[in-house]
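Here is the structure we will look at.
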Amino acid sequence: MKDLRTTPQPPNAPTALKKALTTPLLYFFILGDVLGAGVYVLVGQVAADSGGAVWVPLVVALCLALLTAASYAELVTAYPRAGGASHYATLAYGPFAGFLAGFCMLAAGIVSVAALARGFAGDYLTEFVTLPVVLVVIVFLAALALLNARGIRESTRANVVATVIEVSGLLLVIGLGVWIVLRGDGDLGRLTQLGTDSHGPAAAVLSGAVLAYYSFVGFETSVNVAEETRDPRRSYPRALFGALITAGAVYALVGAAAAAAVPTERLVSSSGPLLEVVREAGGVPTELFGAVALVAVANGALLTGIMSSRLAYGMARDGLLPGFLTKVLPGRRTPWAAIAVTAALSLLLALTGDVATLASTLVLLLLVVFFMVNTATLVLRRRDTSARPDHFRAPTVVPLLGAASCVALATQIERDVWLRGLIVLAVGAVCGAVAAGRLRRRA
0 MKDLRTTPQP
10 PNAPTALKKA
20 LTTPLLYFFI
30 LGDVLGAGVY
40 VLVGQVAADS
50 GGAVWVPLVV
60 ALCLALLTAA
70 SYAELVTAYP
80 RAGGASHYAT
90 LAYGPFAGFL
100 AGFCMLAAGI
110 VSVAALARGF
120 AGDYLTEFVT
130 LPVVLVVIVF
140 LAALALLNAR
150 GIRESTRANV
160 VATVIEVSGL
170 LLVIGLGVWI
180 VLRGDGDLGR
190 LTQLGTDSHG
200 PAAAVLSGAV
210 LAYYSFVGFE
220 TSVNVAEETR
230 DPRRSYPRAL
240 FGALITAGAV
250 YALVGAAAAA
260 AVPTERLVSS
270 SGPLLEVVRE
280 AGGVPTELFG
290 AVALVAVANG
300 ALLTGIMSSR
310 LAYGMARDGL
320 LPGFLTKVLP
330 GRRTPWAAIA
340 VTAALSLLLA
350 LTGDVATLAS
360 TLVLLLLVVF
370 FMVNTATLVL
380 RRRDTSARPD
390 HFRAPTVVPL
400 LGAASCVALA
410 TQIERDVWLR
420 GLIVLAVGAV
430 CGAVAAGRLR
440 RRA
């Protein structure tokens with residue numbers, strides 16, 4: 000039986016990536032990816048679906064994310080190379096499925112930037128200036144595209160600063176929420192109010208978990224640094240589960256603090272729900288928190304935009320997308336064509352959808368990817384019968400539950416979101432068939 004694992008390269012091989020990431024560095028890398036801007040924007044939308052007990056769908060979303068994370072941990076430690084879900088789907092099902100997984104990841108990145116652009120144009124910005132949403136979205140995405148095209152300088156310090164700002168804002172919300180409750184202005188009873196006029200408790204949890212799931216996405220991109228991690232079979236599972244549990248604890252506390260401190264109706268009606276906690280507490284300039292939130296949103300959009308444009312460029316270079324996307328600026332060597340196209344698509348989506356719809360579309364696309372990853376874990380485990388005691392192995396029930404959770408969450412996504420998602424999947428299927436045919440002809 001052929002060993003499907005990637006043959007390790009000698010450390011001095013010219014194509015080998017430098018193994019520089021330790022377990023703590025990988026932990027902060029994943030934590031910085033997960034603790035992004037989603038929770039700054041979506042707490043109110045989750046409350047609209049779940050009621051005052053916002054923390055419940057956040058905890059449920061964490062548990063569901065951990066199921067798929069376990070499959071990623073097994074695949075990363077068994078096949079430690081860049082490529083992520085696309086690589087695993089290719090190994091398990093062939094190039095068509097691999098392309099579809101990569102295409103969904105690309106589309107999810109574009110949708111995520113669109114959602115963050117809408118979030119940037121909301122209540123956090125109005126703390127400083129009131130402008131038309133359309134104008135803000137256009138200027139915001141154009142500025143991000145220009146920054147992206149200008150180039151990337153590796154700066155760990157800048158990434159740490161951005162993460163510290165984002166986390167400090169969330170910790171501030173938790174502290175202010177506790178203060179509001181202690182002084183007698185909060186209502187702990189809202190933390191048990193699960194359900195709305197249109198959703199019973201069970202439906203409210205699942206519906207809210209679809210949006211809450213958006214706050215945990217980001218961990219899946221860490222598979223692309225597996226080749227640069229020292230001893231990934233030990234480091235990756237520890238860093239992955241540690242980062243997700245940390246993020247889940249912070250999110251649950253933020254959701255509980257916001258719900259206890261602010262009436263549910265106010266959270267639902269605000270596009271800057273955490274800002275309502277600051278207003279209710281008093282004593283902290285709302286402009287300060289607005290600036291923190293805008294930094295979080297802008298940083299998340301920029302990083303996701305960089306990922307999306309590079310993924311589009313890489314797929315085009317491999318012949319999976321039109322060759323036009325491989326064009327780069329002569330001096331800066333940045334993929335200007337891929338940047339322009341991905342930014343334009345994000346702009347189109349941002350102008351035609353609200354934050355909740357865009358977030359649900361992103362989750363739908365990722366659920367397709369996560370379903371393939373969970374099932375690929377079982378397929379590859381059965382196909383590769385060689386003993387592999389050196390890598391993480393999840394109990395068989397975990398990838399099964401992970402795949403089932405993807406189906407369960409998908410059933411809670413609204414019809415208009417499914418229509419958007421099916422259009423994207425149809426385009427991906429057509430492009431995937433063409434790409435698979437090209438690969439067969441080359442072979």
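Using numbering that gives the first Met the number 0, you'd call the opening residue of the sequence shown number 0 and step up by one each time. All C-beta atoms, glycine included, are put in the ideal place defined by N, C-alpha and C.
- Rounded to whole angstroms, the gap between the alpha carbons of Val416 and Val362 is 10 Å.
- For Thr89, the uninterrupted alpha helix (DSSP H) segment begins and ends at Gly83 to Tyr92.
- Counted as a single uninterrupted DSSP element, the stretch harbouring Thr21 is not any alpha helix (DSSP H), since DSSP gives it neither H nor E.
- Of Glu219, Leu310 and Gly330, the smallest CA-CA separation from Phe102 is found for Leu310.
- Looking at the backbone, the Cα of Arg189 and that of Glu286 are separated by about 27 Å.
- In the DSSP annotation of this structure, the continuous segment of the alpha helix (DSSP H) that includes Phe240 starts and ends at Pro231 to Ala260.
- A check of alpha carbon separations from Ala141 across Leu408, Leu346, Thr351 and Ala248 identifies Leu346 as the nearest.
- Within the same chain, Ser49, Leu193, Val204 and Gly207 come within 8 Å of Val55 by CB-CB distance, once the 5 residues on both sides are set aside.
- Taking Pro262 as reference, the option from Val110, Ala91, Tyr26 and Gly185 with the minimal CA-CA separation is Gly185.
- Between Ala68 and Leu239, the C-beta gap is smaller than 8 Å, which places the two residues in contact.
- Sequence-distant Cβ neighbours of Val135 in its own chain, meaning closer than 6 Å and more than five residues away, are Ala120.
- The stretch 282-296 and the stretch 25-42 touch, with no fewer than 3 CB-CB distances between them shorter than 8 Å.
- In the structure shown, the three-state DSSP call for Thr374 is helix.
- Taking C-alpha positions only, Val138 is separated from Thr125 by approximately 15 Å.
- Ile412 and Val368 have their C-alpha atoms some 16 Å from each other.
- Annotated as distal: Ala315 and Ala343, with beta-carbon spacing of 8 Å or more.
- Taking the C-beta atoms as reference points, Asp32 is found nearer than 8 Å to Thr220.
- Counting only the Cα atoms, Pro394 lies some 27 Å from Leu24.
- Residue state for Gln44 is assigned as helix, using DSSP reduced to three classes.
- Positions of the alpha helix (DSSP H) runs, each at least 4 residues long and wholly inside the stretch 174-222, are given as 200-213 in order along the chain.
- Around the beta-carbon of Leu170, fewer than 16 other beta-carbon atoms lie within 10 Å, marking it exposed.
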